[in-house]
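Enquirer: One structure follows; several queries about it will come next.
2 protein chains.
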Amino acid sequence: MRFSTLFSKTTKSAPADEVAQSAQLLIRAGYINKEMAGVYAYLPLGLRVIENIKQIVREEMNVIGGHEMLMSALQPKEVWEITKRWDDDVVDVWFKSKLKSGTEVGFGWSHEEPITQMMKRFLTSYKDYPAYVYQFQTKLRNELRAKSGILRGREFMMKDLYSYDVDESRHLAFYERVKEAYMNVFRRVGIGDKTFITFAAGGAFTKYSHEFQTITDVGEDWIYVNAEKGVAINEEVYTEAALTELGVSKDEMRKVRTAEVGNIFNFGTAKCDDMQLYARGPSGENVSVYLGSYGIGISRLVGVVAEMFSDEKGLVWPKSIAPFQVHIVGLDLHDAQAREQAEAVYKKLSHHLPNKVLYDDRADVRAGAKFADADLIGCPVRVVVSKKTGEQVELKHRTQSESAHHSLEECVRIIGEH
Amino acid sequence: MRFSTLFSKTTKSAPADEVAQSAQLLIRAGYINKEMAGVYAYLPLGLRVIENIKQIVREEMNVIGGHEMLMSALQPKEVWEITKRWDDDVVDVWFKSKLKSGTEVGFGWSHEEPITQMMKRFLTSYKDYPAYVYQFQTKLRNELRAKSGILRGREFMMKDLYSYDVDESRHLAFYERVKEAYMNVFRRVGIGDKTFITFAAGGAFTKYSHEFQTITDVGEDWIYVNAEKGVAINEEVYTEAALTELGVSKDEMRKVRTAEVGNIFNFGTAKCDDMQLYARGPSGENVSVYLGSYGIGISRLVGVVAEMFSDEKGLVWPKSIAPFQVHIVGLDLHDAQAREQAEAVYKKLSHHLPNKVLYDDRADVRAGAKFADADLIGCPVRVVVSKKTGEQVELKHRTQSESAHHSLEECVRIIGEH
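First to last, the sequence lines map onto chains D and P. If you want the working numbering, it's the position in the first sequence, counting the first as 1, plus 957. If you want the working numbering, it's the position in the second sequence, counting the first as 1, plus 957.
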């Protein structure tokens, strides 16, 4: 992509009312735009990161047998009345509105009830189980405060997976497979070593749920972690009883700030019983249905990664989710030969990395501003082409300070190996 | 994909309150689920069609220089007050709600105002133009009635493109390029020969806008068309003056029912003037900005295509957007050898067409029901494997009635050529 065609210019400062540091960086670098408090647009660069993360999540969900679908934002009141969750005193993040007829409608803050309601049409026989479905959905939540940027927005993107089964052991085995799939996601996104499967409150249905908590100063949660033993406990359930159960003692646990990037929840059969989703068993009897609900905050992940992988100059994206792999900085572009050389490098690298090369082709921007933009935007590899580099190019990794001159062929090889 | 893992079973009948025929078919075949009047979930099959259409549109938008981004559903009141379109008497399809603070918020039924507002941050100098941006967005519209299935929903998916320019002739040239790109989309989706660029009302800014109207009995519009001369006029602007201007006479025009699948609109500089988006010119003066707005109803397209490409047995998808290219019907699957043969065919075809093969692996469903499902779901090619076909397979195109036996190698070749 040519930088000159990208409307989302970098800026020196973020809006004054934006207090979250990751959001400030993402705004300054042209990844997101603040539409209102807690509501962001994803600009071309930001959407690329979102789509890269979604693709990683999609692959891991497909591996464990998930089928992708897409529910609606508009939701009927009746479905939520069944579980008494239409009530604003029970769920305090509803956005609601009215049809012309006066009928109230809700905007999806979650989809457990509507999906389960829909499954009554499809999962009728015990033979129809298990069913694993997921979606990437824009959730709308009427949060009282919205000061955490894209870490906790009023509108955000989430991947939610639901598992339905009539067989408890298969249900529990799937729950374990989701744990692994989630850790694969976090490893691939680059935060695996900082992310812990964490015991958390289980609600009415089960003793514990599991959260995926990533160590970062900007998180909203506190957990106690023992990295060696791989044990982590949310402070909300940090009791002697929990410690004993997990085989750890208080003095070996460390308290750390974390952001919740995922959570998985075993409803047992309670939710489907509530919603009256039963399977017809072999002899025509009603069979109870186990439900698991599994979430990953896609847009929150962008914020967490932006926060963790950044320095004083800007963003430092992991290769797996960077908007572009290579950022070509063309200099001296008023010089015909330098321009020709830069265009040739762009063509060659794009051939090897289709749609993965950003080329700063702006002729009237000085070198210093271009370097600052490359650092702020944070693609993994920067390649400089100028009168000085001649037939060669200057290659620098965003994570390193030293650069080196290479032939274009060597450059292609290095990027390929990176 | 294995049919047995697909939760979205086909059904003999659609919900009684579903009057639109395309929606009935799509519901019965397991492509969509009706969540409430005018609101549908896209099941795995339906989402595949949606994504195939999106990819075609994306490619055509990228060719003309569009950059993809994603705006928010939540919109602030202030932005719409600038153009007086917050008023329910002016725009009668708003869904609105309130933040906890009491501040009113709207849910995006369109994005012209928010995108233009955002561009004030980025498009400051005349050098920043042109800018071409598009998105695939879920629009929310509080329609009084919602009886047209996914042809006119309260929640639907739209591709909207916006062009900003300071140069009128370049602006008009881009408008013409969008026309071509749109016709490419409709051709690739399979409805090119039935779709006409149609003169329609232009509103306050320009004499005419252009709609892309597709001939189908289920449409909501009437147009007058002369296919030979390539002239089409919406009945709302069908006057002697219009006919004269377009060089046609009344007696050579035919009145037909159509569905609007796209529209393009030249705002001139009026909208940006209203929103006070000006460019800083070479001497620091304010320069007016031309805006073009271009929409394609993605989910409506699914409905239109479903309606046009179907017969008494079910859907007949064009290859370009079919959820799968091949539907393997495995028969006699309780027989070990037949099962082995069917699995081998699935493996081989999937190798040639990754992620494009649906395999009906259900052992306990009779042949007649499997054939009926294959016809209802409507993939382009059906391949039957059974004890009878032995080492061969039976291949049938959905559009043809006769089938023929082939070796697996021949089958791969035929599907590749199809």
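C-beta atoms are modelled at their ideal positions from N, C-alpha and C, and glycine is treated no differently. The structure presented is a predicted model; accordingly, all values stated were derived computationally and were not measured.
(1) Let's see if you can read the secondary structure: which residues bound the alpha helix (DSSP H) around Gly1373(P)?
(2) Which of the three DSSP states, helix, strand or coil, is assigned to Arg1319(D)?
(3) Here's a check: name, in chain order, each residue in its chain whose Cβ is nearer than 8 Å to the Cβ of Tyr1086(P), leaving out the five neighbours to either side.
(4) Under 9 Å between beta-carbons, which chain D residues line up against Gln1032(P)? List them in chain order, please.
(5) At a Cβ cut of 7 Å, what residues of the stretch 1089 to 1109 of chain P count as close to chain D, listed as they run along the chain?
(6) For Met1075(P), which residues in chain D fall below 7 Å Cβ to Cβ?
(7) Does Tyr1119(P) come out as helix, strand or coil in the three-state DSSP assignment?
(8) Just by C-beta distance, which residues in the stretch 1025 to 1050 of chain P are closer than 8 Å to chain D?
(9) Cβ atoms of Ser1360(P) and Glu1348(P): under 7 Å apart, would you say?
(10) Is it a yes or a no for the stretch 1205 to 1222 of chain P touching the stretch 1243 to 1260 of chain P, going by three-plus beta-carbon pairs under 8 Å?
(11) Quick one: Cα of Leu1441(P) to Cα of Ser1029(P), how far?
(12) Considering only DSSP beta bridges, list what Ala1216(D) is partnered with.
(13) Report the rounded CA-to-CA distance for Asp1174(P) versus Ile1154(P), giving the unit in angstroms.
(14) What's the call for Pro1311(P), buried or exposed, on a 16-neighbour Cβ count within 10 Å?
(15) Where does Leu1097(P) sit, in a helix, a strand or coil, going by DSSP?
(16) What is the DSSP secondary structure of Thr1152(P), counted as helix, strand or coil?
(17) Given this structure, state the Cα-to-Cα distance separating Ala1189(P) from Asp1318(P), to the nearest angstrom.
(18) How many Å lie between Met1115(D) and Val1262(P) at the Cα?
(19) By a C-beta neighbour count over all protein chains shown, 10 Å radius and 16 as the cutoff for buried, is His1308(P) buried or exposed?
(20) To the nearest angstrom, how far is it from the Cα of Ala1454(P) to the Cα of Gly1238(P)?
(21) Which first and last residues belong to the beta strand (DSSP E) in which His1354(D) is found?
(22) Is there at least one Cβ from chain D nearer than 7 Å to Lys966(P)'s Cβ?
(23) Chain P partners of Tyr1085(D), CB-CB under 8 Å?
(24) Three or more C-beta pairs under 8 Å: does that hold for the stretch 1062 to 1076 of chain P against the stretch 1091 to 1098 of chain P?
(25) Would you list the one or two residues that DSSP bridges to Ala1361(P)?
(26) Relative to the C-alpha of Ala1158(P), which residue among Phe1169(P), Ser1267(P) and Glu1366(P) is closest?
(27) Provide the residue span of the alpha helix (DSSP H) that contains Met1265(D), from first to last.
(28) Checking 7 Å against the spacing of the C-beta atoms, do Val1036(P) and Glu1070(P) come in under that value?
(29) Shorter than 7 Å from the beta carbon of Ser961(P) to some beta carbon of chain D?
(30) Please tell me whether Val1182(D) and Arg1211(D) are closer than 7 Å, where the distance is taken between their beta carbons.
(31) At 3 residues or longer, and completely inside the stretch 1062 to 1116 of chain P: list those beta strand (DSSP E) runs for me, N to C.
(32) I'd like to know whether the C-beta of Lys1228(P) is nearer than 7 Å to at least one C-beta of chain D.
(33) Could you tell me which residues DSSP pairs with His1024(D) in its beta bridges?
(34) In whole angstroms, give me the CA-to-CA distance for Ser1277(P) and Lys1011(P).
(35) Restricting to Cα atoms, I'd like to know which of Phe1131(P), Arg1323(P) and Ser1267(P) is closest to Asp1332(P).
(36) Are the beta-carbon atoms of Ile1007(D) and Tyr999(D) separated by less than 7 Å?
Expert: With the structure as the only source:
(1) Leu1365 to Glu1374
(2) coil
(3) Leu1080, Tyr1121, Asp1122, Val1123, Asp1124, Ala1236 and Val1246
(4) Glu992, Met993 and Val996
(5) Val1090, Thr1095, Leu1097, Asn1099 and Leu1101
(6) Asn990 and Ala998
(7) strand
(8) Glu1025, Met1026, Leu1027, Met1028, Ser1029, Ala1030, Leu1031, Gln1032 and Pro1033
(9) no
(10) yes
(11) Given a span of 958 to 1375 for chain P in the structure shown, any question on residue 1441(P) remains unanswerable.
(12) Thr1171(D)
(13) 18 Å
(14) exposed
(15) strand
(16) strand
(17) 48 Å
(18) 30 Å
(19) exposed
(20) Only positions 958 to 1375 of chain P appear in the structure, and residue 1454(P) is not among them; the question remains open.
(21) Val1350 to His1354
(22) yes
(23) Checking the sequence, you will find Asp at residue 1085(D) rather than Tyr. Simply Phe964 and Lys966.
(24) yes
(25) Leu1352(P)
(26) Phe1169(P)
(27) Ile1255 to Met1265
(28) yes
(29) no
(30) yes
(31) 1088 to 1097
(32) no
(33) Val1090(D)
(34) 11 Å
(35) Ser1267(P)
(36) yes
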